[in-house]
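K.L.:
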Amino acid sequence: MSIIILLLVGLCGSLAQHDPNTVDNKQAIVQLFEWRWADIAAECERFLGPHGFGGVQVSPPNENRVITNPYRPWWERYQPVSYLLITRSGDEDEFRDMVHRCNQNGVRIYVDLLINHMAKGCGFGTGGSYYYDYGGEYESVPYGPFDFNCNSVTKKCRTSDCLIRNASDPYELRNCRLDGMVDLTLDSDYVRGKVADYMNHLISIGVAGFRVNAAKHMWPEDLAAIFGLISDLNTAYFPPGSRPFIFTEIHDDGGVISPAEYDHLGRSTDFRYGEHLGYVFRKVYDSTLKDLAKFANFGDGWDTQLDNATLPLVFVDDHFSQRDGGSVLTFRDVRLYKMANAFMLAFPYGFVRLMSSYYWEQRWYNGTDLNDWKGPPTDSEANIMPVEINSSGTCDNGWVCEHRWPQIRNMAKFRNVAAGHGLTNWWDNGNNQIAFSRGDSGFIAINNEDEEALEATLQTGLSPGDYCDVISGDHLSDGNCTGKTITVDGDGRARIYIAGDEEDPMIAIHAASKVGGRSVVDPATTAPVDPVDPVTDSGTSAPMDPVDPVNASETSGPVDPVNPTLAPTSPTEFERTIVFIKKKAPFGNNMFLRGGLNNSPGCTRNPDTSQCAIRIVHRTNTTDSTLKNWMQGDDHLDWYGIEDEQGFGAHGSPLVWTTNDVDNSATVRDQGYGYTPLNQWGPHYWMLDVDMDCSRTKDVDGWFELKAVLGFGCGRQKEGFFINQASCDGTAVTKPYRGANANSHFAQCGKINVFEFDNATCTINDFVVPTASSGQGFNIPPFALITLTFCLLIGSVFDGFHQWHE
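If you use mature numbering (1 follows the signal peptide of the UniProt record, and there is no 0), the sequence shown corresponds to residues -16 to -1, 1 to 790, in order.
1. Unbroken beta strand (DSSP E) runs of length 3 or more, entirely within the stretch 50 to 95: which are they?
2. Taking all protein chains shown into account, decide if Gly666 is buried (16 or more other Cβ within 10 angstroms of its Cβ) or exposed.
3. Quick one: residues in its chain with C-beta nearer than 7 Å to the C-beta of Val312, no 5 flanking neighbours on either side, listed in chain order?
4. Would you kindly report the start and end of the unbroken alpha helix (DSSP H) that includes Leu295?
5. Which term fits Trp344, buried or exposed, when burial requires 16 or more other beta carbons within 10 angstroms of its beta carbon?
6. DSSP beta-bridge partners for Thr691?
7. Could you work out which residue in Ala650, Gly579, Val646 is closest to Gly625 when comparing CA atoms only?
8. In angstroms, rounded to a whole number, what distance separates the CA positions of Thr520 and Thr110?
9. From the DSSP output, read off the bridge partner residues of Ile600.
10. For Asn281, which of helix, strand or coil comes out of DSSP?
11. Give the secondary structure of Val504 by DSSP, where H, G and I count as helix, E and B as strand, and everything else as coil.
12. With a cut-off of 8 Å, does the C-beta of Gln1 fall near any C-beta of chain C?
13. So for Asp201, helix, strand or coil by DSSP?
14. What number of angstroms, rounded off, separates the C-alpha of Thr138 from the C-alpha of Gly699?
15. If you run the structure through DSSP and keep just helix, strand and coil, what is Asn409?
16. So Gln443 is in the beta strand (DSSP E); what residue range does that whole segment cover?
17. Quick one: is Pro591 buried, meaning 16 or more other Cβ sit within 10 Å of its Cβ, or exposed?
18. When you compare the CB positions of Glu433 and Asn415, do they come within less than 8 Å of one another, or not?
19. Taking the alpha-carbon of Asn46 as reference, which of Met183, Ala330, Ile214 has the nearest alpha-carbon?
20. Using DSSP bridges, identify the partner residues of Cys106.
21. According to DSSP, is Leu611 part of a helix, a strand, or is it coil?
22. So Ile148 packs on Lys200, CB below 8 Å; how close in whole Å?
23. Please identify the residue among Val50, Asn400, Phe79, Pro57 whose C-alpha is closest to the C-alpha of Ser425.
24. Alpha carbons only, please: which of Glu386, Gly309, Asn367 is nearest the one belonging to Gly351?
25. Which value, in whole angstroms, describes the spacing of the CA atoms of Asp473 and Gly457?
26. Based on DSSP bridge pairs, tell me the residues matched to Pro638.
27. Flag this pair as yes or no: are the beta carbons of Ala692 and Leu581 separated by less than 8 Å?
28. From Phe194, Trp59, Ile600, pick the residue whose C-alpha is nearest to that of Gln1; which is it?
29. Spatial neighbours of Arg477 within its chain, please: C-beta separation below 8 Å, excluding the five flanking residues on both sides.
30. Could you check whether Met490 and Asn431 sit closer than 8 Å to each other, using their CB atoms as the reference points?
31. Is it buried or exposed for Ala330, if we count other Cβ within 10 angstroms and need 16 for buried?
32. Can you grab the Cα-Cα spacing for the pair Asp453 / Trp21, in whole Å?
33. Identify which residue in Tyr269, Pro57, Glu703 has its Cα closest to the Cα of Thr362.
34. Starting from Glu559, trace the beta strand (DSSP E) both ways and give me its first and last residue.
35. Mapping the DSSP letters down to three states, classify Lys498 as helix, strand or coil.
36. What do you get for Glu629, buried or exposed, if any count of 16 or more other CB atoms within 10 angstroms of its CB means buried?
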């Protein structure tokens, strides 16, 4: 009996995942492709909520790869680096604000979910997180090499290069790398847990569901296991027990994987629906698709994905199909596009998603658009441009906003009014003129003949009266109509006339558009600007060097390093602290520190609030622009790499290369690297010189932990697999210290700490003024003192060179 109950519970939960969770059973959502979170929030308040849209599908909100060749393409959003909510659309705070404001206006948010794979290549994501596919390293999740298929131990992908080579092999399609992106091992409890944590975080914020990207490349049983781990929706916005809406992206190309395998998980996206509409409205006939008259049985016997009309999510186009060529209609086919969307919104098949695009200039070569990779409109620094609404109610700045076209937005209301009413009163001329009713709630007629007018008296199913045609105008809040008026007689019949050459050769009326009856909204009435050549307020050309961040302003100069005596700091709990790491590295390498208190799961990722992070203020003033940007915004010694305001590409708190060679042409004092009297040991001692908040360290002796990271191009070398540090040499150590982590160095706040990379050797010295007789501290050679005094008097006359060299 218990087994039966569990099966029934699972079945009920699965069926619940087909429910879009819209307010008042609204019937259409819109994909606001690549919009910023702030713009979506505003659109929910000013337009989507008032016009009856049920929700928004947003672009992936999690951190993604930054691609510069080609420059910032749309598909970089589909190469995830972590599950942190930071993209060009906005950060987590902006995402939270959007979700709340949209929910408050009756508009749900659906997230484009990427869980099949992680980004290929190596580098830093939009949030600064490091990733390296070759090593299977995605530190901000974290994922390691054994969290992916095709690893050295459990090679589930059987191709030699781990890529999909045989599209007819379902095992290969689901276990090998899609377009070279590393494939997650979704049968792992750890990976499933990380994915579920990400989804549950979004659910806790208030999202209503998920579009599951690349679903056919994942085993249905793995997806079922993950969905079994996710929470009910947030009761601040949804009734108790509500389950997330799931719709899976599956291209049904007649291959070995069928959408039917995923039916129990949620709705499938029906790509062939849009293809069919395109064929018929374009009149590109084949043996199956002849004309609009055949739509009387649309979905019944057609090669659509699913027979049950309650299951598919349907659309005319999406971000992928509008770039894939073929029959699909897009915003560039203005007249036909409006007709196809009107039909979709009137016809009782599936759950509807509309598209809202941005404009890009096409460049055709041999039948291929060479610009189909183009990302959203941006400014000169690659920031997504805001969506600006002009006086006509349409969009500027390169945004198309098809959902705002009156013919489409008014039909969204038509679909809401007609919900629950079946198709009745079908009429056609045998070719490309059709009309039908939705019970007694709505009526539409479409003329897709080239020249012939549609002129007929047709049964509408509506009650007698005058109705506002919501295609040619708007039904205003005072009950008046700005477009055509259609009169329905006592028998429910109306005379319909639609010329073949009309701009919008169709009419639509519904029970809520009766003239004299009050409307819920009073929308703008002007037609959209031709989207094929939109007016933009500013250029969208890409910057030349997107990876190099803008140079930060120079901070105040350091205390004179000639005298290593501790200088006054503010606030008083800060003390000057120095860490040296000895490591000989090739030219072009960089050294960083991570650390703080015990590196444990209790440490949070936000250094501003983490009890494991230690506040620091860099003292080194460097002429190197990259180093300067890495120091700018680096306000903590913490375990998680880059901070929010830190320069792009940092692996932690940056160190500077130093030497004890007084003849070195660069000095830490003047160039921010090179010779410093603080270095008493030799070349290749990398230095962190900061004021540190000793009150945040371990105990009265100021202990803290650290590990060094050597960065080189895409790769990096981390220390700390088994350092096993014991007692240290030097003048400062009052007692040996061993923390809980044998893989870390242990240093003292307010001291000079000297370590070797991946070695237990350590020296900790006090800051003291060197004297000839004390025998304490560290000695500065007399020649060095003379040289330094001379440099202070006349300044350095040597040009600096780059700090990282042999």
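Yeah, the Cβ is synthetic: ideal placement off N, Cα and C, and Gly gets one too. Quick caveat: nothing in here was measured; it's all calculated off a predicted structure.
P.N.:
Reading from the atomic positions:
1. Fully enclosed beta strand (DSSP E) runs of 3 or longer: not present.
2. By the 10 Å Cβ count, Gly666 comes out exposed.
3. So the list reads Gly258, Glu259, Gly262, Asp301, Ser305, Gln306, once near-sequence residues are dropped.
4. No residue range can be given for Leu295, since it is assigned to no alpha helix (DSSP H) and is classified by DSSP as neither H nor E.
5. Its Cβ being crowded by 16 or more others within 10 Å, Trp344 is buried.
6. Correcting the residue identity first, residue 691 is Lys in this sequence and not Thr. Partner(s): Arg578.
7. It is Gly579.
8. Because the pLDDT at Thr520 is just 39, under 50, the model does not fix this residue reliably, and the value given afterwards should be weighed accordingly. Each residue's Cα considered, the two are about 26 Å apart.
9. According to DSSP, Ile600 bridges with Met676.
10. Per DSSP, reduced to three states, the secondary structure at Asn281 is helical.
11. In this prediction, Val504 scores a pLDDT of 48, lower than 50, which makes its location untrustworthy; no coordinate-derived value is stated.
12. No chain C is part of this structure, which consists of one protein chain only.
13. The sequence given here has His at residue 201, not Asp. In this structure, DSSP gives His201 a helical state, which the three-state scheme calls helix.
14. Thr138 and Gly699: Cα-Cα distance of roughly 24 Å.
15. Residue state, collapsed to three classes: strand.
16. Bounds of the beta strand (DSSP E) holding Gln443 are 438 to 443.
17. Buried is the call here.
18. For Glu433 and Asn415, yes; Cβs fall inside 8 Å.
19. It is Met183 whose Cα lies nearest to the Cα of Asn46.
20. Under DSSP, Cys106 shares a beta bridge with Tyr116.
21. Helix.
22. By a beta-carbon distance limit of 8 Å, Ile148 does not contact Lys200. Their separation comes to about 11 Å.
23. Here the closest residue by C-alpha is Asn400.
24. Residue Gly309 is the option with its Cα nearest to Gly351.
25. Roughly 21 Å separates the two Cα atoms.
26. Paired residues: Phe576.
27. When the beta-carbon positions are compared, Ala692 and Leu581 stay at least 8 Å from each other.
28. Looking from the CA of Gln1, the closest CA among Phe194, Trp59, Ile600 belongs to Phe194.
29. Counting only Cβ-Cβ distances below 8 Å, and skipping sequence neighbours, we find Thr441, Leu442, Gln443, Thr444.
30. Cβ atoms of Asn431 and Met490: closer than 8 Å.
31. Its Cβ being crowded by 16 or more others within 10 Å, Ala330 is buried.
32. A straight line joining the alpha-carbon of Asp453 with that of Trp21 spans about 34 Å.
33. Selection Tyr269, Pro57, Glu703 evaluated against Thr362 yields Pro57 as nearest (Cα-Cα).
34. Judged by DSSP secondary structure, Glu559 falls within the beta strand (DSSP E) whose first and last residues are 558 to 566.
35. Reduced to three states, the DSSP call for Lys498 is strand.
36. Around the Cβ of Glu629, a 10 Å sphere holds fewer than 16 other Cβ atoms; the residue is exposed.
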